[in-house]
Every structure is written in C-alpha cells, then in structure tokens.
Amino acid sequence: MSKLWGGRFTKATDQLVEEYTASIQFDQQLWKEDITGSLAHVTMLGKCGILPAEDVETIKQGLKKVAAKIEQGEAEFTIANEDIHMNIEKMLIDEIGPVGGKLHTGRSRNDQVATDMHLYLREQTIELVELISKLQQSLIGQAKENIDTIIPGYTHLQRAQPILFAHHLLAYVAMLQRDAERLMDSWKRINVLPLGAGALAGTTFPIDREYTAELLKFDSIYMNSLDAVSDRDFIVEFLSAASLLMTHLSRLCEELVLWSSDEFSFVELDDAFCTGSSIMPQKKNPDVAELVRGKTGRVYGNLVGMLTVLKGLPLAYNKDMQEDKEGMFDTLETIHGALSLFIPMIATMKVGKEKMRQAAQQDFSNATDLADYLVNKGLPFRQAHEVVGKTVLYCIQQNKYLLDLTMDEYRQFSDLFEDDIYQTLDVMNVVNARDALGGTAQRQVEKQLAYMEQLKQTT
Ligand code: ARG
Numbered sequence: 004m005s006k007l008w009g010g011r012f013t014k015a016t017d018q019l020v021e022e023y024t025a026s027i028q029f030d031q032q033l034w035k036e037d038i039t040g041s042l043a044h045v046t047m048l049g050k051c052g053i054l055p056a057e058d059v060e061t062i063k064q065g066l067k068k069v070a071a072k073i074e075q076g077e078a079e080f081t082i083a084n085e086d087i088h089m090n091i092e093k094m095l096i097d098e099i100g101p102v103g104g105k106l107h108t109g110r111s112r113n114d115q116v117a118t119d120m121h122l123y124l125r126e127q128t129i130e131l132v133e134l135i136s137k138l139q140q141s142l143i144g145q146a147k148e149n150i151d152t153i154i155p156g157y158t159h160l161q162r163a164q165p166i167l168f169a170h171h172l173l174a175y176v177a178m179l180q181r182d183a184e185r186l187m188d189s190w191k192r193i194n195v196l197p198l199g200a201g202a203l204a205g206t207t208f209p210i211d212r213e214y215t216a217e218l219l220k221f222d223s224i225y226m227n228s229l230d231a232v233s234d235r236d237f238i239v240e241f242l243s244a245a246s247l248l249m250t251h252l253s254r255l256c257e258e259l260v261l262w263s264s265d266e267f268s269f270v271e272l273d274d275a276f277c278t279g280s281s282i283m284p285q286k287k288n289p290d291v292a293e294l295v296r297g298k299t300g301r302v303y304g305n306l307v308g309m310l311t312v313l314k315g316l317p318l319a320y321n322k323d324m325q326e327d328k329e330g331m332f333d334t335l336e337t338i339h340g341a342l343s344l345f346i347p348m349i350a351t352m353k354v355g356k357e358k359m360r361q362a363a364q365q366d367f368s369n370a371t372d373l374a375d376y377l378v379n380k381g382l383p384f385r386q387a388h389e390v391v392g393k394t395v396l397y398c399i400q401q402n403k404y405l406l407d408l409t410m411d412e413y414r415q416f417s418d419l420f421e422d423d424i425y426q427t428l429d430v431m432n433v434v435n436a437r438d439a440l441g442g443t444a445q446r447q448v449e450k451q452l453a454y455m456e457q458l459k460q461t462t
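Just so we're aligned, residue 4 is where the sequence shown starts under the numbering used here, counting upward by one.
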C-alpha cells in the first residue's frame, strides 16, 4: 500500500517495522478529537483564504462522512496507515478524492497529535472531577449517618484516641477535594492550543491560530512552536494527580480490607461488591478494594514511565513521544473504574456502629484525657503522663480498663483524682472534648460536614 509520505522512499517498509512503529492499535481512541481538530483547522484555512470555500466545504463533508463510518464501526483501520491521523486522512481521500489531501496544509502530525491529546484529556478531566465529586457525596452520606458513631482512632495501627467515624470519613473527602483541585488547576495547562506550530518551526501559510483556538474553545495558545510540539507536561501532571488520587483510594482500600475482616468487623461491604472463593464456601472477599489498591502500582508506573520517556529527549518531536498514549489511556481507564466502583460501594457499605463503639470503649484510648484531667488540676503534663502510665500498667495487670477502677484504686496514683473522672473518661465525652477547630467533637464535625457539602467543583 502506498504511504502518505511515500514519495522519498524507494522500498516498501519492512513488515516488522510497520507493526512496531504503528500506533493505530491504541490511538484510534483519539478519532473524535482528531476529526474535531481537523474540522477547526480546515475552517480556519478557509477563513484565511488559504483554501477556497468549496474545498473547505468538500473536506468538511468528507470528514463528517468519515466520522459517521467510524461511529458505525465501518472503518477499517490499517497498520500500514500507521496512526489515527493518517488513517483518517487516507479515509478522507478515499471518500472525496485528491482534494482531501489539502486538509494537511499548514499542519504537521506533530501539532495535530498534541492537539488531539489536549482535547482528549480536557474532556476526560471534566468527567473525572465529576466522578470525584460523586465519591465525595457517597462519603458525606455515610458521614451524616455516622455523626454519632464512635470508632477508635489509630496511630501506628494501635488504638490512640476515640474519634467519630464521620470524622474519619471526612478526612477522605478532604483528600479527594485536593485531588479534584489538582485536576482543575491543570486545566490552565491542558486548555492551551498547540495547533499551528507545524512540525516544529511554525508554518509558511498565513494561518490564524487565535481563530482555531476560538473554534476549539482553547483559552490560550502555545507561544513557542518548539514547545508546543514537545510539551507533554500536561500528561505528566495528569498522571501525577492520578497517582495521588490512587494513593488516597488505596489507603481507603487498605482500611476497608481491615475493617471488613472478622478481626475488626467494623464494616460490611455489600454482597454486590464482594466475591467468593472457589474452594472456601464461607469466604466473602473485598476484591474491589484489593484490586484498586493493586492497580495503584500501574498508575505510578505510568507516571514514572512518562517522566522517563521525556527526560532525555532533544527538542522537538521524537517518535519516543508516541509512548505518551497507552499510559495515559490506561490510567484514565483505571481511575475511572476505581471511582465508578467506589461510589456505590461506599454508599451501600454497612457500618457496625455497636462493634465500633465497643472497640473504642474496651481500650485505653481515653488515657490522654486522664492526663489532661490531672493537668487541669494543676499537675505539669509530664508528671501527669507518668501517673497515668502507671495507672494503665496497673489496669493491664488487673485486667481492667480505666473506667473499671474504683476511687480508692485511683487515689493510689494521685490524690488529685475525684469522682468527676468517670464522666471525663466516658467515650462520648472524650470525643466531644476535642472541640477546637478541626477536632473530632460532634460540633466541629458538623461544621466540617457543612463546609464540605457546599464545596463546588467547577472547571
Ligand atoms: N503517531 C504519532 C504519535 O503518536 C503521531 C505523530 C507522528 N509524527 C511524526 N513525525 N512521526 O506521536
């Protein structure tokens, strides 16, 4: 088959080379963006008088026919035509004849592919921010249901201080908010038009890039043609925002796996989001959470892969850059899948409120409050720490918790202890005592809830 660039060659491309260098297998995902970009480009060529109006019209109609064919699954993409750009151009020429060859006037595949990637990621970014927002809503819904559910708070995975389960869930809402903000912020750099940069140096035709930008709704234009075709920062930025998002989801996954184990029994994931074992009939495994945690690895891999591809590249375009696509597509698919599953899985999760409360009561997570109690009676904190440490040791030896000790037992450790300690140590009071801004007291968590509910995500 003759190549669009075949003029300078005396031999056909080696079959293996053709297969190795083609990207049509994966970049066909860009077909819509490629046609959108071409429609804008040819409209601009017409407006600038570079192509006559009738050619522009013929090309536009041809592109629309090609789009319809692809849409209906009638297009036959070929490896011989290498990538989506040349496959579409070839289909256009087959459709309308040699006039189709005028489309590529004043353009290169280098600015074309960069434009396609910008258009594609721009669209996907909006969708992702919406998905993140929905997951935040699921978490907020559970937080509302659990505004009086107490859970042990952990450090070092050792029980530390009791907290509201709502407080715990809202921490994830806050992380996801940063993820959404990072994606929204990247908009400034995604929504920039490379088209018009040509192969690397600009074009000899009197094009109007501002007009193309307007047609494609880009806020700005790359000011340097070399940069326009060499820049993949926006993809790195996306991959790094995606990596952090996966980090957050993966931490939640880890907690869900722990919490749904018999050892914790804090939550029960809905049957629809769990799977069984082929041998052990009793099993109900939190596979989704495990797999999202596992897939975090490939997203990090895609980020490191992209950075590595770029690090040694001389300006401007190099074929290496074709490697920007699979990692980006794969990451989009991975996070799309993870978010889409998490939204209903979190919403349908059953919370073992009683189990959580019991766990928070049968431990020493009120020990800090006992120390604070002594501080309020005038004892320096360091001494109070020592007294309570001894009291806890005594409890462990006696197989008791702090609330089980009698007043006489307390008095062995300090005569500052009085009857009101029992109230101080009550788990709900312990939670509500942390009433400074951002703390776990119900009053503060309600404030957080109100704040997070009104967060609006707009790009
Ligand atoms: N398939 C190529 C890519 O994805 C398109 C750009 C090709 N440009 C070139 N000069 N070979 O990067």
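From the three backbone atoms N, C-alpha and C, an ideal C-beta is built for every residue, glycine too.
Going by beta carbon distance, what residues of the same chain come within less than 6 Å of residue i, once the five residues before and after it are set aside?
| i | result |
| --- | --- |
| PHE276 | VAL291, MET348 |
| VAL433 | PRO165, ASN369, ASP372 |
| PRO209 | CYS51 |
| LEU134 | LEU342 |
| ALA374 | ALA387, HIS388, VAL391 |
| SER417 | VAL390 |
| ASP86 | SER26, ILE27, ASP30 |
| GLN325 | SER26 |
| LEU54 | LEU48, LYS105 |
Are there 16 or more other CB atoms within 10 angstroms of the CB of residue i, so buried, or fewer, so exposed?
| i | result |
| --- | --- |
| ARG181 | exposed |
| PHE345 | buried |
| ASP114 | buried |
| LYS353 | exposed |
| SER343 | exposed |
| THR118 | buried |
| LEU310 | exposed |
| ALA183 | buried |
| ILE282 | exposed |
| PRO155 | buried |
| THR207 | exposed |
| PHE237 | buried |
| MET226 | exposed |
| ILE399 | exposed |
| PHE384 | exposed |
Can you list, in chain order, the residues of its chain whose CB lies under 8 Å from that of residue i, leaving out five sequence neighbours each side?
| i | result |
| --- | --- |
| TYR157 | ALA163 |
| ARG125 | TRP190, ILE193, ASN194 |
| GLU22 | ILE82 |
| ALA341 | MET249, LEU252, VAL295, LYS298 |
Which residue comes first and which comes last in the beta strand (DSSP E) that contains residue i?
| i | result |
| --- | --- |
| GLY52 | Careful: GLY52 lies outside any beta strand (DSSP E) and carries neither H nor E. |
| ILE82 | It is not in any beta strand (DSSP E) - ILE82 carries neither H nor E in the DSSP assignment. |
| ILE129 | Careful: ILE129 lies outside any beta strand (DSSP E), inside the alpha helix (DSSP H) at 112 to 148. |
| ILE153 | 153 to 158 |
| GLN161 | 161 to 167 |
Residue i to residue j, Cα distance in whole Å?
| i | j | result |
| --- | --- | --- |
| GLY300 | LEU335 | 14 Å |
| GLU449 | ILE150 | 8 Å |
| VAL430 | PHE241 | 43 Å |
| GLU357 | ASP438 | 24 Å |
| ALA56 | ASN90 | 25 Å |
| THR461 | LEU95 | Model confidence at THR461 stands at a pLDDT of 49, short of 50, so the residue's coordinates are unreliable; what they give is reported in the following sentence. Computed Cα separation, rounded: 37 Å. |
| VAL20 | SER26 | 12 Å |
| ALA453 | LEU408 | 40 Å |
| LEU247 | ARG254 | 11 Å |
| GLU36 | VAL312 | 24 Å |
| PHE12 | THR337 | 41 Å |
| TYR303 | LYS380 | 52 Å |
| ILE62 | LEU106 | 7 Å |
Going by DSSP, which residues form a beta bridge with residue i?
| i | result |
| --- | --- |
| LEU252 | Bridge partners of LEU252: none, in fact. |
| SER223 | VAL195 |
| GLU271 | LYS353 |
Give every residue of the same chain whose Cβ lies closer than 7 Å to the Cβ of residue i, excluding the five residues on either side of it in the sequence, and list them in chain order.
| i | result |
| --- | --- |
| TYR413 | PHE420, ILE424 |
| LEU406 | TYR425, LEU428 |
| VAL260 | PRO289, ALA292, GLU293 |
| ALA42 | Per the sequence presented here, residue 42 reads as Leu, with Ala not at that position. Within the same chain, LEU42 has close Cβ partners LYS63, LEU66. |
If you follow the alpha helix (DSSP H) that residue i is in, where does it begin and where does it stop?
| i | result |
| --- | --- |
| PRO101 | Run containing PRO101: none; DSSP gives neither H nor E here. |
| CYS398 | 384 to 401 |
| ARG212 | 212 to 218 |
| MET324 | That residue, MET324, is in no alpha helix (DSSP H); it is neither H nor E in DSSP. |
| PHE29 | 27 to 30 |
| TYR303 | 290 to 314 |
| ILE424 | 424 to 428 |
Is the shortest distance between the beta-carbon of residue i and the beta-carbons of chain D less than 8 Å?
| i | result |
| --- | --- |
| MET309 | Among the protein chains of the structure shown there is no chain D, as only one such chain exists. |
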